[in-house]
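*Asks:* Everything in the sequence shown is counted per numbering that gives the first Met the number 0, starting at 0 for the first residue and increasing by one.
Ideal Cβ placement from N, Cα and C applies to all residues, glycine included.
I have a structure here, written as structure tokens, and I will follow up with some questions on it.
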Amino acid sequence: MTLLTARLYTAATRLQLSRESPIQLRLEGNVLDLEQNERNVNGSSSFLATQVAALKSRDLADRVIRTRHLAENEAFLNPGSERGGLLAVGGQLIGALRPRGMSSAPADDETTANGEVPSELLDRYMRWLDVRDVRGTDLIEVRFTTPDAGLSAILAAAHTQAYIESNEEARLGTDATARDFLDRQLRASRGNVARAQTALREFSKKHPNVAVNQEQKVVGQKISELTSLLTKSEGDRVTLQSRFEFLRTPNAEPLDYFLDKPGIQKLHLALLDLRATHAALNGRLGPNHEAMRELGRQETEVSRQLRAEVTHEVAGVRARYDAALARETGLREKVTHLEQSAITLRDLGVRYDLLKNDVDTVTVLHASLLKQQMETAVNSGLSASNIRVIERPEVPQDPSTPRIPVNLALGLGAGFVFAFAAMSVCEYFDDSVKSSEEMENLLRLPALATIPNFALARRAPVSRALGNGTDGAGVPVLPHAGVGRELVVLHEPWSPVAEAFRALRTAVLFSTPGAPPKMLLVTSAGSGEGKTVSSLNLAATLAEAGSRVLLIDVDLRKPSCHRGLGVSNERGLSSYLAGQADLASVTIELEGPRISFIPAGPTPPNPAELVGSARMRSTL
């Protein structure tokens with residue numbers, strides 16, 4: 000695709016757009032300020048998004064094609080690296096937008112062609128155009144991608160210039176519209192201010208009290224103050240009334256109520272002391288004793304003084320209650336009178352407030368219009384533009400399409416993804432057991448040992464360091480005549496595979512509690528999974544440990560242990576089970592390894608019945 004794709008060239012112009020237009024009719028708080036309430040669309044300024052959409056408009060493309068006579072330009076109709084005719088288009092561009100890398104040409108008089116631009120030219124123009132905002136900035140990038148490097152630069156400059164010219168025309172039209180609008184609004188505003196002020200003055204002359212009250216809020220302040228005093232007075236009256244009513248009850252004891260008074264408390268304590276002294280002396284002295292009569296006179300006098308103090312306090316409570324009641328009544332009457340006055344003034348006050356609000360509103364609006372008229376006149380005189388060219392287009396030297404590094408990266412990425420997907424699919428559909436841990440999880444049985452792959456184990460660094468076919472001292476071990484290479488413990492006693500079978504032997508010996516097992520069965524789910532190799536090497540390692548071992552090949556269909564040990568299979572277990580030989584005659588004593596061996600014998604027609612017979616059980 001990279002080799003066959005046509006070369007395209009991209010030229011770009013960068014513009015900075017200010018969010019503030021030359022004329023802003025803010026009118027203080029009466030018109031919504033769009034700058035402060037600008038929306039964000041997907042994290043981008045709505046103003047920039049609007050300008051991007053304007054730069055992508057087909058009307059602007061139509062303007063460029065007509066003003067630059069692109070419909071008659073051969074370089075635009077059939078672009079290519081060898082095409083001419085670009086100078087006629089580029090000569091009409093202003094200096095700030097002339098592409099870098101192009102030779103200057105005399106400018107022609109710009110004429111606007113009449114008639115409609117064909118839709119196919121507009122479609123081609125829009126396909127070449129790409130406008131985007133630079134995220135996080137106020138910049139907009141205008142890009143053109145065409146088969147001709149010079150054409151891309153010329154179109155980027157022409158499109159940008161057309162956009163600036165259209166905005167300038169719109170700005171001039173906005174200035175004129177704004178001036179006419181402000182003139183009309185100011186004339187109407189002056190009349191509104193005069194009418195509102197006249198109406199407020201006439202109303203204030205007719206109702207001076209209302210005007211003063213609305214300005215200073217006199218009645219409301221007085222009602223608030225009197226209400227506060229009335230609430231406090233009512234609370235004092237309620238407290239005194241409850242105290243007075245308690246003292247007026249028949250069963251009330253005024254003395255208990257006034258015991259907190261210092262004078263009454265002192266007299267009450269003195270009376271109690273006299274009574275206590277009288278009771279103490281009454282048993283020793285008679286009632287006619289001078290001391291007893293003196294105590295009686297003192298007790299009578301103190302009781303009289305105590306009653307007088309209590310009576311005085313009760314009278315004081317009554318007086319304070321009457322005063323509080325009178326004060327509350329007076330305040331309530333004043334509040335009622337002021338409330339009636341406020342009701343009378345309320346309707347007139349509403350009318351006064353409406354008139355005053357009208358005066359304030361039209362005054363603020365008039366001041367805002369005057370200020371805006373001055374700002375509009377200044378801005379119109381400045382003729383400022385909110386568009387600034389940050390980077391003018393440049394004639395590209397290298398094609399932008401195809402992008403060779405990107406295409407190579409995509410090819411490498413696609414290859415990696417495809418390879419990874421293929422590997423994942425193979426791994427997903429692979430149901431083989433790859434580790435002892437996975438086997439234990441599947442079968443819920445412990446793994447006694449792990450036997451490595453013979454070929455990989457022989458290439459391992461440890462195996463090369465120990466040396467195959469040598470003992471620990473490096474002395475060569477002579478091969479056992481007739482014994483197959485699958486008996487690793489004999490041919491390669493120091494190899495990792497032999498050590499793995501010795502680990503298996505140790506695990507088997509300690510697999511049952513108490514004593515090691517006497518009988519072992521080695522089997523598998525299918526053929527070719529290592530029953531014969533495991534049986535031979537396990538038997539050999541057990542014999543190395545000093546055990547008496549008898550190896551029986553019970554695979555009556557496909558026996559193979561006899562080949563590994565290099566013995567004949569003419570007579571064996573099948574012969575004994577069929578009654579054709581005794582047990583001693585089919586048992587073979589071997590020297591390497593030092594084990595006893597019963598081969599499977601000739602293949603019988605009914606192996607399953609022989610293995611499951613009572614003779615087999617008794618034999619075991």
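1. Compare the beta carbon distance of Pro395 and Ala10 with 7 Å and say whether it is the shorter of the two.
2. Going by beta carbon distance, what residues of the same chain come within less than 6 Å of Val358, once the five residues before and after it are set aside?
3. If you drop the 5 nearest sequence neighbours on each side, which residues of the same chain put their C-beta closer than 8 Å to that of Glu569?
4. Apply the 10 Å Cβ neighbour rule to Asp552 and answer buried if 16 or more other Cβ atoms are within range, or exposed otherwise.
5. Measure the CB-CB distance between Leu273 and Gln304 and report whether it falls below 7 Å.
6. Evaluate His336 with the Cβ neighbour count: other Cβ atoms within 10 Å of its Cβ, from every protein chain shown; 16 or more gives buried, anything less gives exposed.
7. Excluding the 5 residues preceding and the 5 following Met438 in the sequence, name in chain order all residues of the same chain whose CB lies nearer than 7 Å to its CB.
8. Are there three or more Cβ pairs, one per stretch, closer than 8 Å when the segment 543-561 is compared with the segment 521-535?
9. Taking only the alpha-carbon atoms, compute the straight-line gap between Val334 and Ala325 and give it to the nearest angstrom.
10. Over the uninterrupted beta strand (DSSP E) stretch that includes Phe596, give me the two end residues.
11. Could you check whether the segment 45-65 touches the segment 114-128, counting it as contact only if at least three pairs of C-beta atoms, one from each stretch, sit closer than 8 Å?
12. Using the three-state DSSP reduction, which class does Ile389 fall into: helix, strand or coil?
13. Label Asn632 either buried or exposed according to how many other C-beta atoms from any shown protein chain fall within 10 Å of its C-beta, with 16 as the threshold for buried.
14. Ordered along the chain, which non-local residues of its own chain (more than five positions away) have a Cβ less than 7 Å from that of Asn191?
15. Classify Ser584: buried if its beta carbon has 16 or more other beta carbons within 10 angstroms, exposed otherwise.
16. So Asp272 is in the alpha helix (DSSP H); what residue range does that whole segment cover?
17. Which stretch, first to last residue, makes up the alpha helix (DSSP H) that contains Ile450?
18. Our contact map puts Arg331 next to Leu229 with C-beta atoms below 8 Å; I'd like the distance itself, whole angstroms only.
19. Can you give me the Cβ contacts of Arg13 inside the same chain, cut-off strictly under 6 Å, excluding the 5 residues immediately before and after it?
20. Can you name the start and end residues of the beta strand (DSSP E) that Arg57 belongs to?
21. Could you name the residues that DSSP lists as bridge partners for Leu14?
22. What's the call for Asp182, buried or exposed, on a 16-neighbour Cβ count within 10 Å?
23. When the Cα of Thr144 is compared with those of Gly591, Pro398, Gly135, which residue comes out closest?
24. Would you say the beta carbon of Pro451 is closer than 6 Å to some non-hydrogen atom of the ligand NAD?
25. Since Ser232 and Glu327 should fall inside the 8 Å C-beta cutoff, what is the C-beta to C-beta distance between them, to a whole number of angstroms?
26. So who's on the other strand from Tyr8, going by DSSP bridges?
27. Please determine, among Leu441, Arg65, Leu185, the residue with the shortest C-alpha to C-alpha distance to Leu369.
28. Quick one: what's got a C-beta closer than 6 Å to Gln35's C-beta in the same chain, skipping five residues either side?
*Replies:* Straight from the coordinates:
1. In the sequence shown, counting from the first residue as 1, residue 395 sits at position 396. In the sequence shown, counting from the first residue as 1, residue 10 sits at position 11. Yes; because the gap between Cβ atoms is below 7 Å, this pair is in contact.
2. Position 359 of the sequence shown holds residue 358. Correct list, in chain order: Ala195, Gln196, Leu199.
3. Residue mapping note: residue 569 aligns to position 570 of the sequence shown, counting from 1. Hits under 8 Å: Gly600, Pro601.
4. Translated into positions along the sequence shown, residue 552 becomes position 553. Counting Cβ neighbours within 10 Å, Asp552 comes out buried, since at least 16 surround it.
5. Residue mapping note: residue 273 aligns to position 274 of the sequence shown, counting from 1. Residue mapping note: residue 304 aligns to position 305 of the sequence shown, counting from 1. Not a contact, by the Cβ cut-off of 7 Å.
6. Counting from 1 along the sequence shown, the entry for residue 336 is found at position 337. Burial call: exposed.
7. To locate residue 438, count along the sequence shown from 1; it is residue 439. Within the same chain, Met438 has close Cβ partners Val432, Ala446.
8. Using a C-beta cut-off of 8 Å, the segment 543-561 makes contact with the segment 521-535, since at least three inter-stretch Cβ pairs fall below that distance.
9. Your numbering for residue 334 matches position 335 in the sequence shown. Your numbering for residue 325 matches position 326 in the sequence shown. Between the alpha carbons of Val334 and Ala325 lies a gap of roughly 14 Å.
10. Within the sequence shown, the letter at position 597 stands for residue 596. Its beta strand (DSSP E) spans residues 595-597.
11. The segment 45-65 makes contact with the segment 114-128, as at least three CB pairs between them are under 8 Å.
12. The residue labelled residue 389 in the question sits at position 390 within the sequence shown. Strand.
13. Not covered by the structure: residue 632. The range shown for the chain is 0 to 619.
14. Taking the first residue of the sequence shown as 1, we reach residue 191 at position 192. Shown here for Asn191: same chain residues with a beta carbon closer than 7 Å to its own, the five before and five after excluded, namely Val361 in chain order.
15. If you number the sequence shown from 1, residue 584 lands on position 585. That one is exposed.
16. As a working mapping, residue 272 is identified with position 273 in the sequence shown. Element bounds for Asp272: 261-280.
17. Position 451 of the sequence shown, counting from 1, holds the residue named residue 450. Here Ile450 belongs to no alpha helix (DSSP H), and DSSP marks it neither H nor E.
18. The count along the sequence shown starts at 1 and reaches residue 331 at position 332. The count along the sequence shown starts at 1 and reaches residue 229 at position 230. With 8 Å as the limit, Arg331 and Leu229 qualify as a contact, their Cβ atoms being about 6 Å apart.
19. Taking the sequence shown and counting its residues from 1, the one referred to as residue 13 is at position 14. Around Arg13, the same chain offers Leu138, Glu140, Ile389, Glu390 as residues with beta carbons nearer than 6 Å, after the five sequence neighbours per side are excluded.
20. Within the sequence shown, numbered from 1, the residue matching residue 57 stands at position 58. No beta strand (DSSP E) contains Arg57, which is instead part of the alpha helix (DSSP H) from 57-66.
21. For the purposes of this step, residue 14 is taken as residue 15 along the sequence shown, with counting starting at 1. Leu14 is bridged by DSSP to Ile139, Val388.
22. The residue labelled residue 182 in the question sits at position 183 within the sequence shown. By the neighbour-count criterion, in which 16 or more other beta carbons inside 10 Å mark a residue as buried, Asp182 falls on the exposed side.
23. As a position in the sequence shown, residue 144 is number 145, starting the count at 1. Looking at the Cα atoms, Pro398 is the closest of the given residues.
24. In the structure on display, the ligand NAD does not appear, and there are no ligands present to speak of.
25. Sequence index remark: in the sequence shown, residue 232 carries index 233 (1-based). Sequence index remark: in the sequence shown, residue 327 carries index 328 (1-based). Indeed they touch by this definition, with Cβ atoms about 5 Å apart.
26. Along the sequence shown, read from residue 1 onward, the residue named residue 8 stands at position 9. In the DSSP secondary-structure assignment, Tyr8 is bridged to Thr145.
27. Here residue 369 is taken as the residue at index 370 of the sequence shown, counted from 1. Leu369 has its Cα closest to that of Leu185, out of Leu441, Arg65, Leu185.
28. As a working note, residue 35 is residue 36 in the sequence shown. A caution first: Gln35 carries a pLDDT of 48, below 50, which makes its placement in the model too unreliable to give a value.
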